[in-house]
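Visitor: Order-wise, the sequence lines are chains E and G.
Just so you know, we're using our numbering here: the first sequence kicks off at 1 and counts up by one.
Just so you know, we're using our numbering here: the second sequence kicks off at 1001 and counts up by one.
Number of protein chains: 2
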Amino acid sequence: MDTTEFRRRGKEMVDLIADYLENIEQRTVYPDVEPGYLRSLIPEEAPEEPDTYEDVVKDIERVIMPGVTHWHSPYFYAYFPTANSFPAMLADMLSGAIGCIGFSWGTASEATLVALLAARCRAVRMILASDPQRPETGITSKLVAYSSDQAHCSVERAGMIAGVRMKKIPTEQSDKYAVQGETLRRMIQEDKAAGLIPFYFCATLGTTPSCAFDHITELGPICNAEKIWMHIDAAYAGSSFICPEFRPLLNGIEFADSFNFNAHKWLLVNFDCSTMWVKKRSDLIGAFEMDPLYLKHDHQESGRYFCTDNSLFRSLKMWFVFRIYGLKGLQDYIRKHVELAKEFESLVRADQRFEISADVVLGLVCFRLKGSNEVNETLLKRINNGRKIHLVPCLLSGQFVLRFALCARTTESRHIREAWQLITQLAEEVMQELPH
Amino acid sequence: MDTTEFRRRGKEMVDLIADYLENIEQRTVYPDVEPGYLRSLIPEEAPEEPDTYEDVVKDIERVIMPGVTHWHSPYFYAYFPTANSFPAMLADMLSGAIGCIGFSWGTASEATLVALLAARCRAVRMILASDPQRPETGITSKLVAYSSDQAHCSVERAGMIAGVRMKKIPTEQSDKYAVQGETLRRMIQEDKAAGLIPFYFCATLGTTPSCAFDHITELGPICNAEKIWMHIDAAYAGSSFICPEFRPLLNGIEFADSFNFNAHKWLLVNFDCSTMWVKKRSDLIGAFEMDPLYLKHDHQESGRYFCTDNSLFRSLKMWFVFRIYGLKGLQDYIRKHVELAKEFESLVRADQRFEISADVVLGLVCFRLKGSNEVNETLLKRINNGRKIHLVPCLLSGQFVLRFALCARTTESRHIREAWQLITQLAEEVMQELPH
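(1) Along the stretch 1262 to 1273 of chain G, where does the CB come closer than 8 Å to a CB of chain E? Name the residues.
(2) Do HIS1264(G) and ASP1257(G) count as a contact pair if the criterion is CB distance below 8 Å?
(3) Using the rule of at least 16 other Cβ atoms within 10 Å of the residue's Cβ for burial, across every protein chain shown, is GLN150(E) buried or exposed?
(4) Can you tell me which residues form a DSSP beta bridge with TRP229(E)?
(5) Got a sec, what are the start and stop residues for the beta strand (DSSP E) ARG403(E) sits in?
(6) Which of helix, strand or coil does DSSP assign to SER1104(G)?
(7) Just the C-alpha distance for ILE1042(G) and ARG1062(G), rounded to the nearest angstrom, thanks.
(8) Can a CB atom of chain E be found closer than 8 Å to the CB of LEU1327(G)?
(9) Less than 8 Å separating the beta-carbons of CYS366(E) and VAL401(E)?
(10) When you compare only the Cα positions, how much space is there between ALA1234(G) and GLY1163(G)?
(11) Under DSSP, the beta strand (DSSP E) around TRP420(E) begins and ends at which residues?
(12) If you draw a straight line from the C-alpha of ARG1353(G) to the C-alpha of GLU1428(G), how long is it?
(13) Return the residue from the list ASN224(E), THR424(E), GLY138(E) that minimises the CA-CA distance to ARG349(E).
(14) Confirm, please, whether the CB-CB distance from VAL1155(G) to ILE1197(G) is below 8 Å.
(15) At what residues does the beta strand (DSSP E) containing VAL1348(G) begin and finish?
(16) Can you check which of these residues, MET1001(G), MET1013(G), LEU1021(G), is closest to THR3(E) by C-alpha distance?
(17) For LYS1317(G), count neighbouring C-beta atoms within 10 Å of its own C-beta (all shown protein chains included) and say buried if the count is 16 or more, exposed if not.
(18) Report the rounded CA-to-CA distance for PRO1066(G) versus VAL1033(G), giving the unit in angstroms.
(19) Do TYR77(E) and LEU1362(G) have their beta-carbon atoms positioned less than 8 Å apart in this structure?
(20) Considering only the beta carbon of each residue, do ILE161(E) and THR183(E) sit closer than 8 Å?
(21) Roughly how many angstroms separate the alpha carbons of ARG417(E) and TRP1071(G), rounded to a whole number?
(22) Taking 8 Å as the CB-CB limit, is SER1095(G) close to chain E?
(23) Taking just the CA atoms, how far does HIS1415(G) sit from SER1239(G)?
(24) Comparing the C-beta of VAL1014(G) with each C-beta of chain E, is any distance below 8 Å?
(25) Nearest to ARG1120(G) by alpha carbon, out of TRP1319(G), ASN1373(G), ILE1383(G), ASP1283(G)?
(26) Just to check, is the beta-carbon of VAL1360(G) closer than 7 Å to a non-hydrogen atom of the ligand HEM?
(27) Helix, strand or coil for TRP71(E) per DSSP?
(28) From ILE127(E) to SER1148(G), what distance separates their C-alpha atoms?
(29) Name the chain E residues that come within less than 9 Å of MET1001(G), Cβ to Cβ?
(30) So for CYS1366(G), helix, strand or coil by DSSP?
(31) Using a Cβ-Cβ distance under 8 Å, would SER1413(G) count as near chain E?
(32) Opposite CYS211(E) in the DSSP bridges: which residues?
(33) Using a Cβ-Cβ cut-off of 7 Å (strictly less than) and excluding sequence neighbours within five positions of THR378(E), which residues of its own chain qualify?
(34) Compile a chain-ordered list of the residues in the stretch 1359 to 1390 of chain G whose CB is closer than 7 Å to at least one CB of chain E.
(35) So, LYS342(E) versus VAL321(E), is the Cβ gap smaller than 8 Å?
(36) Considering only the beta carbon of each residue, do ALA123(E) and PHE199(E) sit closer than 8 Å?
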């Protein structure tokens, strides 16, 4: 779908919405479906080839509407209101298009925290089962969680929120910044010897600094043997696993207790859209169970009904995207970004003044001027002050490194080359001014 | 703005978005503004009278765009991608219109948790300041938080997540289900005598079951004297405080450490939009500080830059709504709901078989058939199975009560009367079948 088609479809959608709201009181306010009703109405898998937009729109009435509670019907008097107004909808359309990310709290961060809390609950219950007299607060104070020193800062924050120790596992450039099984094993043994209780490990597939992949084939069995919850944060890289050639990066996933990736990063679904998978449902539900009368419903025990309601509403955009692009369209998109990253990598490698700082596996190129951190910091400052292109840095083994991440859906080879030309031009200026 | 105007404005917005994305590479990718640049561009207060839609649209380029980082520009290579595609935007327009609420986690719940975590951090720091040798885990295990037995279930869950004791303060029908100062004072004294450390109280203005208001003029000074963080959850009722006649319900707010309401409940801003105010910024920021290189920026110390970026993006819909309705339009909307609630209340009071179960202060009417819980449970089941209207129940002093909450923007007197007719008709059936 290009801009021209979007203009047409967008206007049709505006009419569809206006029609829906004008006639909402003629709809049954509360859905008459059983949990799982969707299963027979939609295919098991996302389409290989794109669906037509007309088919998707037809399915709104066939598939979606039967499961919707119409909160904006004048026959809805439950809970409290949830607002709805035309100006707010117009503004949201614009927000969706601008699609900035606010940083105070991202969605993979929430998955990390939720997994940590579920793990804490599971650990406390396991210990109480074998030693019922032990005070619960005494257990929590002994718990210890682990993550890579390359993990996202939200992992550390999750530890602070849950009030448990979080230890960073050191990584090395020679190991491509991946956590090694041997290192984790040693830390666990030392902590157990000191009377601590290891209970959670957050592995990263595709770290933020350099897109490094922890060795989960090695780490998973260690966690499983020690009854440590292994959560996998694949916030960025997760989308690439739809391509068979990148699937081996996911080897070892069978050892994980939970897994998360952000479809709003690299799968063409606008912010926010973060998906979390948990091996054992009850581990998660048991940790957060609440039971007030105003939230009771007929399908309480299955725990699925509200999930359906929620996912119908929040995941409409995934459904539209998967169908309109098809698996092939999404794979093409991922592959194009990876190719452009490789193209940028070869531009960097062809220039003797620069070096590549980490393997280029997906759409991220970590590079720097051979020389001091100062010269690289100055270069980055010049680049961003020019406001033509925008990059952020990272630290790898104490070195200040520039991250060139493929981001926009519309990036083409010419943008990459233009960016490189700008970078080399500014590098020349900086190198003339500063010792390096 | 009615449906007819929305059809026109929506189509204009589709073109505006298409134009924006078609020409995005001509924009400066990274904004050249200082924190606070917005302050001089927008008025101090929301407009009393509505602005015109044309003025709002003009201000997108004048006010908003200068502060935007264009994440979808092909010159953006920072962080990782955030997705953007036309099908996802179309689906989001539809999601916004359907506007269901998924229940697994609401936004006022997050504010309650965030305040609790900040309070925990503040309490631990205060104690460590006077007793540096005391082990931190020993402090946490002594902390105790409080909330009303009428508070939302998410308050209890926040306690579970933070790993602290959360005690429910009993309320009475004779006190209109409000927490009394005397009760809180007594619990605090008992807990301190038992060696515990009271540190957090979540007051509710407008509880979920009956829209009860805790006496914060009494409770606030107690909390302040005891250095207990007082958080105020006004998720639903908060919107009503824009009307002077409801403002007295907010008396005592000066004692609060934090305050939250959901504009997505009753202020015409589509889900999700929850606002949180904190008395002392540093209490909140200090509790969650993280400092990785890839999130560093020039205005780090002010801590405001990302907030601006975030609020520009997420609060566009508040800005549209405040301007297009004006304060007056929003007040009219709140008052209309309250009037409709009063109308429903008088219908109930005029029928001797029914009783009102709690004061009708805003847009919620709690009522029941005089008689057993069983007869009321059966009545509610019949109502919801009919699928013409939708209500949820609550428990008040052991009694099963029906909650009639004014929700839809389009509800008129005729809908109320139609609903009441249906309820009385079903009540008649139920009373004939069951002893009451």
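Note that beta-carbon positions come from the ideal geometry of N, C-alpha and C, so glycine has one too.
Guide: Put simply:
(1) ALA1263, HIS1264, LYS1265, TRP1266, LEU1267, LEU1268, VAL1269, ASN1270, PHE1271, CYS1273
(2) Indexing the second sequence from 1 puts residue 1257(G) at position 257. Indexing the second sequence from 1 puts residue 1264(G) at position 264. Going by C-beta atoms, ASP1257(G) is not nearer than 8 Å to HIS1264(G).
(3) Here the question's residue 150(E) lines up with position 150 in the first sequence. Result: buried.
(4) Translated into positions along the first sequence, residue 229(E) becomes position 229. Looking at the DSSP assignment, TRP229(E) forms a beta bridge with TYR200(E).
(5) As a working note, residue 403(E) is residue 403 in the first sequence. That run of the beta strand (DSSP E) goes 399 to 405.
(6) Start at 1 with the first residue of the second sequence, and residue 1104(G) comes out as number 104. Note on SER1104(G): pLDDT 47, under 50, position unreliable in the model; no value is reported.
(7) Residue 1042(G) sits at position 42 when you count from the first residue of the second sequence. Residue 1062(G) sits at position 62 when you count from the first residue of the second sequence. Looking at the two C-alpha atoms, the distance is approximately 10 Å.
(8) As a first step, residue 1327(G) is located in the second sequence; it is residue number 327 there, counting from the start. Chain E contact via Cβ: absent.
(9) The residue given as residue 366(E) occupies position 366 in the first sequence. The residue given as residue 401(E) occupies position 401 in the first sequence. Their beta carbons are under 8 Å apart, which means CYS366(E) touches VAL401(E) by this criterion.
(10) On the second sequence, position 234 is the one that residue 1234(G) refers to. On the second sequence, position 163 is the one that residue 1163(G) refers to. Each residue's Cα considered, the two are about 24 Å apart.
(11) Residue numbering aside, residue 420(E) sits at position 420 when the first sequence is read from its first letter. No beta strand (DSSP E) contains TRP420(E), which is instead part of the alpha helix (DSSP H) from 413 to 433.
(12) Here residue 1353(G) corresponds to residue number 353 of the second sequence, with the count starting at 1. Here residue 1428(G) corresponds to residue number 428 of the second sequence, with the count starting at 1. For ARG1353(G) and GLU1428(G), the distance between alpha carbons rounds to 10 Å.
(13) Your numbering for residue 349(E) matches position 349 in the first sequence. Considering only alpha carbons, the answer is THR424(E).
(14) The residue you call residue 1197(G) lines up with position 197 of the second sequence. The residue you call residue 1155(G) lines up with position 155 of the second sequence. Against a cut-off of 8 Å, the Cβ pair of VAL1155(G) and ILE1197(G) comes out as no contact.
(15) As a position in the second sequence, residue 1348(G) is number 348, starting the count at 1. From DSSP, VAL1348(G) is part of no beta strand (DSSP E) but of the alpha helix (DSSP H) over 1316 to 1349.
(16) Within the first sequence, residue 3(E) is the residue found at index 3, counting from 1. Comparing Cα positions, the closest option is LEU1021(G).
(17) In the second sequence, counting from the first residue as 1, residue 1317(G) sits at position 317. Buried, because 16 or more other Cβ atoms sit within 10 Å of the Cβ of LYS1317(G).
(18) Locating residue 1066(G) in the second sequence gives position 66, counting from the first residue. Locating residue 1033(G) in the second sequence gives position 33, counting from the first residue. For PRO1066(G) and VAL1033(G), the distance between alpha carbons rounds to 7 Å.
(19) The count along the second sequence starts at 1 and reaches residue 1362(G) at position 362. The count along the first sequence starts at 1 and reaches residue 77(E) at position 77. In this structure, TYR77(E) does not lie closer than 8 Å to LEU1362(G) by Cβ.
(20) Counting from 1 along the first sequence, the entry for residue 161(E) is found at position 161. Counting from 1 along the first sequence, the entry for residue 183(E) is found at position 183. No; because the gap between Cβ atoms is not below 8 Å, this pair is not in contact.
(21) Within the first sequence, the letter at position 417 stands for residue 417(E). Within the second sequence, the letter at position 71 stands for residue 1071(G). Whole-angstrom Cα-Cα distance: 19 Å.
(22) As a first step, residue 1095(G) must be located in the second sequence, where it is residue number 95. Chain E contact via Cβ: present.
(23) What you label residue 1239(G) is simply residue 239 of the second sequence in a count that begins at 1. What you label residue 1415(G) is simply residue 415 of the second sequence in a count that begins at 1. So the two alpha carbons sit approximately 23 Å from each other.
(24) Here residue 1014(G) corresponds to residue number 14 of the second sequence, with the count starting at 1. Yes, its Cβ sits closer than 8 Å to a Cβ of chain E.
(25) Start at 1 with the first residue of the second sequence, and residue 1120(G) comes out as number 120. The candidate whose alpha carbon is nearest that of ARG1120(G) is ASP1283(G).
(26) Looking at this structure, you won't find the ligand HEM or any other ligand, since it has none at all.
(27) Mapped onto the first sequence, residue 71(E) falls at position 71. TRP71(E): coil per DSSP, three-state reduction.
(28) To locate residue 127(E), count along the first sequence from 1; it is residue 127. To locate residue 1148(G), count along the second sequence from 1; it is residue 148. Answer to the nearest angstrom: the Cα atoms are 32 Å apart.
(29) Taking the first residue of the second sequence as position 1, residue 1001(G) is located at position 1. In chain order: SER85, PHE86, PRO87, LEU90.
(30) For this step, residue 1366(G) is matched to residue 366 along the second sequence. Of the three classes helix, strand and coil, the one that applies to CYS1366(G) here is strand, per DSSP.
(31) Here residue 1413(G) refers to the residue found at position 413 of the second sequence. Output row for SER1413(G): interface = no.
(32) Residue 211(E) sits at position 211 when you count from the first residue of the first sequence. According to DSSP, CYS211(E) bridges with nothing at all.
(33) Counting from one through the first sequence, the residue named residue 378(E) turns up at place 378. Excluding residues within five positions, the ones whose Cβ falls inside 7 Å are VAL430, LEU434.
(34) ASN1384, ARG1387, LYS1388, ILE1389, HIS1390
(35) Position 342 of the first sequence, counted from the first residue, corresponds to residue 342(E). Position 321 of the first sequence, counted from the first residue, corresponds to residue 321(E). No.
(36) The residue given as residue 123(E) occupies position 123 in the first sequence. The residue given as residue 199(E) occupies position 199 in the first sequence. Contact flag set, yes.
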